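Undergrad:
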Amino acid sequence: MPLPPYIKRENAHSNDFDSYQTVYSKRYGTFAAPTAGLHFTQNLLEKIAQKGVNIQFLTLHVGLGTFAPIKTQNIEEHKMHTENFILNQSVCEAVNYAKQNGNKVICVGTTTMRVLESVAVNNMVTPQIGETDIFIKPGHKFQIADALITNFHLPKSTLLVLVSAFIGNTNVDKVYQYAIEQKYRFFSYGDACYFSKPT
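In this text, residue positions in the sequence shown follow the numbering used here: the first is 5, and each later residue adds one.
1) For K224, which residues from the same chain have a beta carbon less than 7 Å from its beta carbon, with the 5 sequence-adjacent residues on both sides left out?
2) Measuring straight from C-alpha to C-alpha, what distance separates V112 and T154?
3) Determine whether the beta carbon atoms of A1 and I90 lie at a separation below 8 Å.
4) H85 and T70 - do their beta-carbons sit closer together than 8 Å?
5) Specify, as a first and last residue, the run of the alpha helix (DSSP H) that N173 falls within.
6) Once you ignore the five residues that flank L62 on each side, which residues in its own chain have a CB closer than 8 Å to its CB?
7) For E185 and D195, what's the separation of their Cα atoms in angstroms?
8) Is S29 helix, strand or coil by DSSP?
9) Can you tell me where the alpha helix (DSSP H) with L48 in it begins and where it stops?
10) For S29 and P202, what's the separation of their Cα atoms in angstroms?
11) Taking DSSP's pairing of strands, which residues face Y198 in a bridge?
12) Roughly how many whole angstroms lie between the Cα atoms of T76 and K160?
13) In this structure, how does DSSP classify N126 when only helix, strand and coil are distinguished?
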């Protein structure tokens, strides 16, 4: 798997290709790691499951476009990249059960959120194999995601626009200002955020 273009080293460290990989990856096909997942160790996943959290996995093939900045003045003119996914029956059953019973659906990563929101119909999801080019931006009506775990993202990125759509521009400004003041780390090997959908 290629490292992100902003990891600039003469020679990639030998452990980069292990570190830049989630502990639960199983299939080939992605151009980048779903970096929010890099924060999870097997031990942490087990502890979360012991708390009663129903952890589900879907296959995401993150596209190279995830690194592409928005180059248009108007975000409506930006052409969104596509990403392939496999959403199976067990994931859909867990998501639909959560939505029907008032439990939270917490997306680990922006691609997970894009997939679930792109296939949502009447606050429910169905199994499918496909691709999504959904561009989640302010004004999007979220049907599935109740919370998001993600990293800190670059300005002028579709990922930051997605976060703004989820929690609002004012909240993003506050969070990022605090992160800068506290010297939080950005990008793929950076720190994680947990955002709940404002009520």
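Built from N, CA and C at the ideal position, the CB exists for glycine as well. As the structure is a computational prediction, the values presented were derived from the model and not from experiment.
TA: Answer, in terms of the structure:
1) The structure shown does not extend to residue 224, since the chain is modelled only from 5 to 203, so the question has no answer here.
2) 6 Å
3) Outside the displayed span of the chain (5 to 203) sits residue 1, for which this structure offers no information.
4) yes
5) N173 to E185
6) F89, I90, L91, N92, V95, T116 and V119
7) 14 Å
8) coil
9) Q46 to Q54
10) 31 Å
11) I153
12) 10 Å
13) coil
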